[in-house]
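Report on one structure; see the data block that follows.
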Amino acid sequence: MAAERPARVPGLDVTGFEGASTAALRTIRSNLLDGLDAVAGHLAAGTFDTCGPRGAAPPSQSGRLTLALLAGVTAELADRERESWHVRQGLAETPAA
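Residue 16 is where the sequence shown starts when you use the numbering used here, and the numbers rise one by one after that.
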């Protein structure tokens, strides 16, 4: 038995990244993961809650923002992969040309 495609709820299944290309989303995701590596470095160095140069937000704040953005990008990429899989399986119609 084939899996049914979950319905998207207009206005609720919004990540904010729907207009971005898949290539752009992959690049953004890679950059965000690099940013998390930098935050982890601050955590290890004991500067996690220290303001940056010229009053920049501490890594604890930018890390939370990075995680939130990463969640949105990852959700959008997952939605696209699910939609692509359903199209390949013949469970969804391909978009009209």
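Built from N, CA and C at the ideal position, the CB exists for glycine as well. Values in this document were obtained by computation on a predicted structure and should not be read as measured data.
TODO: Please classify D75: does DSSP put it in a helix, a strand, or coil?
DONE: As written in the sequence, residue 75 is Ser, which differs from the Asp given in the question. The three-state reading of DSSP puts S75 in helix, counting H, G and I together.
Task: Where D64 sits in the DSSP three-state scheme - done: In the structure shown, D64 sits in coil (DSSP, three-state: anything other than H, G, I, E or B).
TODO: Would you kindly check if the distance between the Cβ of T42 and the Cβ of R95 is under 8 Å?
DONE: Going by C-beta atoms, R95 is not nearer than 8 Å to T42.
TODO: Measure from the alpha carbon of S77 to the alpha carbon of each residue in G31, D52 and E91, then state which is nearest.
DONE: Out of G31, D52 and E91, D52 has the C-alpha closest to the C-alpha of S77.
Task: Test item: CB-CB of L47 and V88 under 8 Å - done: Yes, these two residues count as a Cβ contact at 8 Å.
Open item on the list: Can you check which of these residues, R97, C66, E98 and P74, is closest to A171 by C-alpha distance?
Closed with: Past the boundaries of the shown model lies residue 171; the chain is included only from 16 to 112, so the question cannot be answered.
- [ ] Give the DSSP-derived three-state secondary structure of S36 in the structure shown.
- [x] Coil.
Open item on the list: Given the structure, does G50 come close to the ligand FAD, in the sense that its CB is under 7 Å from one of the ligand's heavy atoms?
Closed with: The ligand content of the structure shown is nil, which means the ligand FAD is not present either.
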